[in-house]
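Data first, discussion second: the structure below is written as structure tokens.
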Amino acid sequence: MDKRYKALSVPEQLALRLQAIEEVLVNPEWTLQQSVRHLKRTLRLTSAELARLASVSTKTIQDIEQGRSEGTVQTLNRILGVLGLKLGVVRASPSED
Numbered sequence: 001m002d003k004r005y006k007a008l009s010v011p012e013q014l015a016l017r018l019q020a021i022e023e024v025l026v027n028p029e030w031t032l033q034q035s036v037r038h039l040k041r042t043l044r045l046t047s048a049e050l051a052r053l054a055s056v057s058t059k060t061i062q063d064i065e066q067g068r069s070e071g072t073v074q075t076l077n078r079i080l081g082v083l084g085l086k087l088g089v090v091r092a093s094p095s096e097d
């Protein structure tokens, strides 16, 4: 956990995880960059910690956050997998065309 924050109890950590899941699910329009930043902030993780949890390099997380990389489907699935989520495909509504 990012040392800028005080340590959280297990119930508090679970509550943050549930909050992060809910917010990602209700914002499907978020880019990978926005999603990664949100996950890091909500879960109070450093880039290195998120990278380790997602089994990607710290540079990959940093590149995505700073807009230098769009990432890949595999990368997104690894990052979302930290929360037990997976990238999916849905039919766009007519208003999104």
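Position 29 of the sequence shown, counted from 1, bears residue number 29 in the UniProt record's numbering, the numbering being contiguous throughout. A virtual CB, placed ideally from N, CA and C, is assigned to each residue, including glycine. Every value quoted in this text rests on a predicted model; they were computed, and no experiment measured them.
Spatial distance of residue 74 from residue 80 (CA atoms):
To locate residue 74, count along the sequence shown from 1; it is residue 74. To locate residue 80, count along the sequence shown from 1; it is residue 80. Cα-Cα distance, rounded: 10 Å.
For the alpha helix (DSSP H) holding residue 95, just list the boundary residues, first then last.
For the purposes of this step, residue 95 is taken as the residue at position 95 of the sequence shown. Here residue 95 belongs to no alpha helix (DSSP H), and DSSP marks it neither H nor E.
From the DSSP output, in three-state form, read off residue 70 for me.
In the sequence shown, residue 70 corresponds to position 70, counting from 1. Correct three-state label for residue 70: coil.
Helix or strand or just coil, what does DSSP make of residue 11?
Counting from one through the sequence shown, the residue named residue 11 turns up at place 11. Reduced to three states, the DSSP call for residue 11 is helix.
For residue 55, count the other beta carbons within 10 Å of its own beta carbon; 16 or more makes it buried, fewer makes it exposed. Which is it?
Taking the sequence shown and counting its residues from 1, one reaches residue 55 at position 55. The residue in question, residue 55, is exposed, as its Cβ has fewer than 16 Cβ neighbours within 10 Å.
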